[in-house]
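The structure appears below as structure tokens.
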Amino acid sequence: MKVIIMRRPPWRNLVLWGVLLFVFLAYRDNVISVFSGKLKPIYSANVTTKAVGLTFDISWGEKTALPILDILKQEGVHATFFLSSPWAAKHPELVKRMVADGDEIGSHGNRHIDLNTLSPEEIAKEITSAQAVLEQISGQKVRLIRVPNGAYDNKVISVADRQGYRVIQWSVDSLDWKRPGPAAVVNNVLNGIRPGAGVKPGSIILFHASDSAPDTIKALPEVIKALKAKGYTLMPIGQLLSEANGTWPPESNLKENGNPPNADITPAGNADKTRSGVPSP
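Residue numbers are given in the working numbering: position 162 of the sequence shown equals residue 237, and the series is strictly consecutive.
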């Protein structure tokens, strides 16, 4: 009885090795892309003191901003207000009050739309249009931006960087726009919306001063008093970053020219969207 041994043709081995090599390279490139190609905004600061950033977003409303300014002044606390340019144009007296009180003006864009759905040229136009209005009213140089809905991708981060902006997100969300009641807003900030997510040194706290968040007016004094009692100092983002020895994520993930490979062609469908969840906060 003869045993017939079938030998694999040499070309099949070459094909197999080619397929394996292709899979390896594709996997390697994807891993590298995930860890070194994705740009991130600033969520918190690396500090050695108990300093935290206090921020408010405003896109519309007539009733909430002024009481919040009064509270901050009474408590001797300064904050960063991220303003949409249409709101600022409609309420120049409040913008000037913020500046007079020692608060910082940041941009919340022009139209309240997800910037990662736009082209690089459209993103740049949204940023510069808002900048012109905010700087004209406030007299401040505006170089911090919180993009509408917190929706960003590589394209948004790189365009903002080329415009001279630092993109600011948040590490502590008050969820005040959900109107859960003042006590819940206080708890969301101090203890977090999940274990370990409350305020810690370098945190950036998100509130809204739009009329969509009426609970903020009652919750804010309690938050300020509680954090002061724990030894925290609340401050605007510009001051927080100036006192920090770095940020999280590290800003080194931006290339020197702010434009990593393929940054301007990242599909919007693959974008990171860390949303506040409210259509127009």
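Positions of the beta carbon are idealized from the N, C-alpha and C atoms, including for glycine. The model shown is predicted, which means the values in this text are computed figures rather than measured ones.
- Cα-Cα separation, Lys138 to Asp286: Reading the sequence shown from its first residue, position 63 is the one you call residue 138. Reading the sequence shown from its first residue, position 211 is the one you call residue 286. Approximately 6 Å between the Cα atoms of the pair.
- Message: Could you check whether the segment 220 to 232 touches the segment 256 to 276, counting it as contact only if at least three pairs of C-beta atoms, one from each stretch, sit closer than 8 Å?
- Response: no
- Query: Can you tell me whether DSSP reads Gly181 as helix, strand or coil?
  - Reply: The count along the sequence shown starts at 1 and reaches residue 181 at position 106. Residue state, collapsed to three classes: strand.
- Task: Return yes when the Cβ of Glu318 is within less than 9 Å of the Cβ of Thr124, no when it is not.
- Result: On the sequence shown, residue 124 is found 49 positions in, with the first residue counted as 1. On the sequence shown, residue 318 is found 243 positions in, with the first residue counted as 1. Yes, the pair counts as a contact, with Cβ atoms nearer than the cut-off.
- Item | For Ser233, three-class secondary structure by DSSP | As a position in the sequence shown, residue 233 is number 158, starting the count at 1. Residue state, collapsed to three classes: helix.
- Task: Report the three-state DSSP secondary structure of Trp162 (helix, strand or coil).
- Result: Here residue 162 refers to the residue found at position 87 of the sequence shown. Three-state DSSP puts Trp162 in a helix.
- Query: The alpha helix (DSSP H) spanning Gly313 covers which residue range?
  - Reply: For the purposes of this step, residue 313 is taken as the residue at position 238 of the sequence shown. Counting along the chain, the alpha helix (DSSP H) containing Gly313 begins and ends at 312 to 318.
- Run through the segment 210 to 290 for me and flag every whole alpha helix (DSSP H) of 4 or more residues, listed as ranges in chain order. 229 to 237, 257 to 265
- Message: Beta-carbon within less than 7 Å of Leu141's beta-carbon, same chain only, minus the 5 sequence neighbours each way: which residues are those?
- Response: One-based indexing of the sequence shown puts residue 141 at position 66. The residues are Leu169.
- Run through DSSP, which three-state label would Ile133 get? Counting from one through the sequence shown, the residue named residue 133 turns up at place 58. Strand.
- Is the beta carbon of Ile292 less than 9 Å from the beta carbon of Leu219? By one-based count along the sequence shown, residue 292 stands at place 217. By one-based count along the sequence shown, residue 219 stands at place 144. Result no, Cβ atoms of Ile292 and Leu219 do not sit closer than 9 Å.
- Message: My output table needs one value for Val174: the three-state DSSP class, helix, strand or coil.
- Response: As a first step, residue 174 must be located in the sequence shown, where it is residue number 99. Helix at Val174.
- C-beta atoms of Gly181 and Phe156 nearer than 9 Å: For this step, residue 181 is matched to residue 106 along the sequence shown. For this step, residue 156 is matched to residue 81 along the sequence shown. Result yes, Cβ atoms of Gly181 and Phe156 sit closer than 9 Å.
- With Gly177 and Met310 assumed to form a contact (beta carbons below 8 Å), what rounded beta-carbon distance in angstroms separates them? By one-based count along the sequence shown, residue 177 stands at place 102. By one-based count along the sequence shown, residue 310 stands at place 235. Not quite, the Cβ-Cβ distance comes to about 10 Å (not below 8 Å), so this is no contact.
- Query: Can you list, in chain order, the residues of its chain whose CB lies under 6 Å from that of Pro296, leaving out five sequence neighbours each side?
  - Reply: For the purposes of this step, residue 296 is taken as the residue at position 221 of the sequence shown. Taken in chain order, the residues that qualify are Ile146.
- Item | C-alpha distance - Gln211 paired with Arg241, whole-angstrom precision | Start at 1 with the first residue of the sequence shown, and residue 211 comes out as number 136. Start at 1 with the first residue of the sequence shown, and residue 241 comes out as number 166. Those two C-alpha atoms are separated by around 20 Å.
- Query: Which residues in the same chain have their Cβ closer than 6 Å to the Cβ of Ile243, if we skip the five residues on either side of it in sequence?
  - Reply: Residue 243 sits at position 168 when you count from the first residue of the sequence shown. Excluding residues within five positions, the ones whose Cβ falls inside 6 Å are Ile117, Leu219, Arg221, Ile312.
- Query: Would you call the segment 260 to 270 and the segment 227 to 241 in contact, with 3 or more CB pairs under 8 Å?
  - Reply: no
- Task: Output the distance between the C-alpha atoms of Ile143 and Ala301, rounded to the nearest integer angstrom.
- Result: Taking the first residue of the sequence shown as 1, we reach residue 143 at position 68. Taking the first residue of the sequence shown as 1, we reach residue 301 at position 226. For Ile143 and Ala301, the distance between alpha carbons rounds to 17 Å.
- Message: If you follow the alpha helix (DSSP H) that Pro142 is in, where does it begin and where does it stop?
- Response: Counting from one through the sequence shown, the residue named residue 142 turns up at place 67. Run containing Pro142: 140 to 150, per the alpha helix (DSSP H) assignment.
- Item | Own chain partners of Val174 with C-beta closer than 8 Å, once the 5 adjacent residues on each side are dropped | Start at 1 with the first residue of the sequence shown, and residue 174 comes out as number 99. So the qualifying residues of the chain are Ile180, Ser213, Gly214, Gln215.
- Query: Looking at the structure shown, is Thr192 part of a helix, part of a strand, or coil, going by DSSP?
  - Reply: Reading the sequence shown from its first residue, position 117 is the one you call residue 192. Helix.
- Item | Rounded straight-line distance, which links the Cα of Glu326 to that of Lys171 | Translated into the one-based positions of the sequence shown, residue 171 becomes position 96. Translated into the one-based positions of the sequence shown, residue 326 becomes position 251. When rounded, the distance between both Cα atoms is 31 Å.
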